[in-house]
Amino acid sequence: MSPPPPPQAEARLAMMELANMISVPMALTAVIRLGVPSAVWAGGANAPLSAAELLPEGHPDPSVLERLLRLLASRGVFTEHAPGSAARRFALTAVGRTLVPGPSGASYADYVLQHHQDALVAAWPRLHEAVLDPAGPEPFARASGGVPAYAYYGKDREANEVMLRAMTGVSEPFMEALLDGYAGGFDGVATLVDVGGSSGACLEMIMRRVGTIREGINFDLPQVVAAAPPIAGTYNHAMHMLPSFNLFVCYLLRYDAMLSDPILSPFVRDWVITLSGRQVRTLVDTG
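Numbering (our numbering), first residue to last: 2 to 288.
Following this line, the structure appears as structure tokens:
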């Protein structure tokens, strides 16, 4: 039996792993852009496929994709079949299946892509500048010529659409689970406001399951609701929260209950009570 490696050797290996951690999300982003998860899943077959089978016929070097798949297999995204053989094949794990679109078309794939857009990735090397100059711009703004993140999403339509799909993909499974276990939670609610509701997908899911809710109001930033799809029975209202907050709270008082992002929820409740003395019924934090 060989002796265990000395502590310093383990420490060096651990640091090498930390230094190379960026390879994991970048490999994940690559296989999503290549359409690998859906190709492997193939409508539920999830049959193990080789890199050559996942690429167009005649691809000059499938080993490049194979190395990405092996890396992600080590992180539990794929299972590797016949490791060490000339024909390694890969299937999705339960983790990997979150990247496959469900019946509504949503998945976690857009969440991965949104987190690794070029503009966001460029902000990470500027973290130390935010420490040295905490009164200065956020790292994203430092990397994007002074444009803050939300302003960037307001100007870049493609990035904003990816953000909306990402939020929908993350929210839908959690909302389904919440509705399955939240029986009676919407009793007496005829009008419902979602503060920071993004595309309105959560409102749509609730109203589909709770027939007594007649009207849904989706509040979010102008650039967000501009890209939100039309949903029967719901209305999108654009508002810059801080400059228009008194008006927003007065509008909110017309309705029975609200959903809210966990960051916004206490802030919204406190303002409503301050302005009107009325306690808002907050059903659940949706973030």
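No residue lacks a Cβ here, since even glycine has one placed at the ideal position from N, Cα and C.
For residue i, the nearest candidate out of the options (CA to CA)
i           : options               : result
residue 51  : 214, 202, 83 and 191  : 83
residue 100 : 94, 92 and 110        : 110
residue 177 : 140, 203, 187 and 195 : 203
residue 115 : 7, 169 and 215        : 169
residue 215 : 190, 80 and 47        : 190
residue 193 : 63, 213, 87 and 60    : 213
Chain-order list of residues whose beta-carbon lies under 8 Å from that of residue i (same chain, five-residue window excluded)
i           : result
residue 142 : 148, 149 and 150
residue 163 : 111, 114, 115 and 118
residue 157 : 120
DSSP three-state assignment for residue i, whether helix, strand or coil
i           : result
residue 209 : helix
residue 129 : helix
residue 161 : helix
residue 239 : strand
residue 246 : In this predicted model, residue 246 has a pLDDT of only 44, less than 50, meaning its place in the structure is not dependable enough to derive any value.
residue 87  : coil
residue 187 : coil
residue 92  : strand
residue 111 : helix
residue 218 : strand
residue 193 : strand
residue 117 : coil
Pairwise C-alpha distance: residue j and residue i
i           : j           : result
residue 70  : residue 34  : 13 Å
residue 119 : residue 126 : 12 Å
residue 265 : residue 239 : Caution is warranted here: a pLDDT of 47 is assigned to residue 265, below 50, making its placement in the model unreliable, and no coordinate value can be reported.
residue 226 : residue 90  : 43 Å
residue 30  : residue 41  : 16 Å
residue 1   : residue 175 : Any answer about residue 1 is impossible in this case: the structure gives the chain only from 2 up to 288.
residue 45  : residue 106 : 15 Å
residue 196 : residue 183 : 19 Å
residue 269 : residue 222 : Because the pLDDT of residue 269 is 48, which lies under 50, any placement of that residue in the model is unreliable, and the question is left without a value.
residue 316 : residue 80  : Here the chain has residues from 2 to 288 only, and residue 316 is not among them.
residue 166 : residue 104 : 14 Å
residue 159 : residue 39  : 22 Å
residue 246 : residue 53  : Because the pLDDT at residue 246 is just 44, under 50, the model does not fix this residue reliably, and the point stays unresolved.
residue 102 : residue 28  : 19 Å
residue 3   : residue 199 : 57 Å
residue 19  : residue 5   : 21 Å
residue 13  : residue 60  : 38 Å
residue 64  : residue 87  : 11 Å
residue 180 : residue 173 : 11 Å
residue 171 : residue 7   : 43 Å
residue 75  : residue 58  : 27 Å
Presumed contact (8 Å Cβ cut-off) between residue i and residue j, rounded CB distance
i           : j           : result
residue 92  : residue 49  : 4 Å
residue 55  : residue 66  : 6 Å
residue 96  : residue 78  : 6 Å
residue 117 : residue 26  : 6 Å
residue 206 : residue 217 : With 8 Å as the limit, residue 206 and residue 217 do not qualify as a contact, their Cβ atoms being about 10 Å apart.
residue 139 : residue 131 : 7 Å
Nonlocal neighbours in the same chain, by C-beta distance under 6 Å from residue i, ignoring five residues either side
i           : result
residue 201 : 219, 229, 232 and 235
residue 313 : Absent from the model: residue 313. The displayed extent of the chain is 2 to 288, so no value can be given.
Residues near residue i in its chain [Cβ-Cβ closer than 7 Å; skip 5 each side]
i           : result
residue 37  : 55
residue 211 : 187
residue 224 : 154, 155 and 161
residue 94  : 77, 78, 79 and 80
residue 68  : none
residue 10  : none
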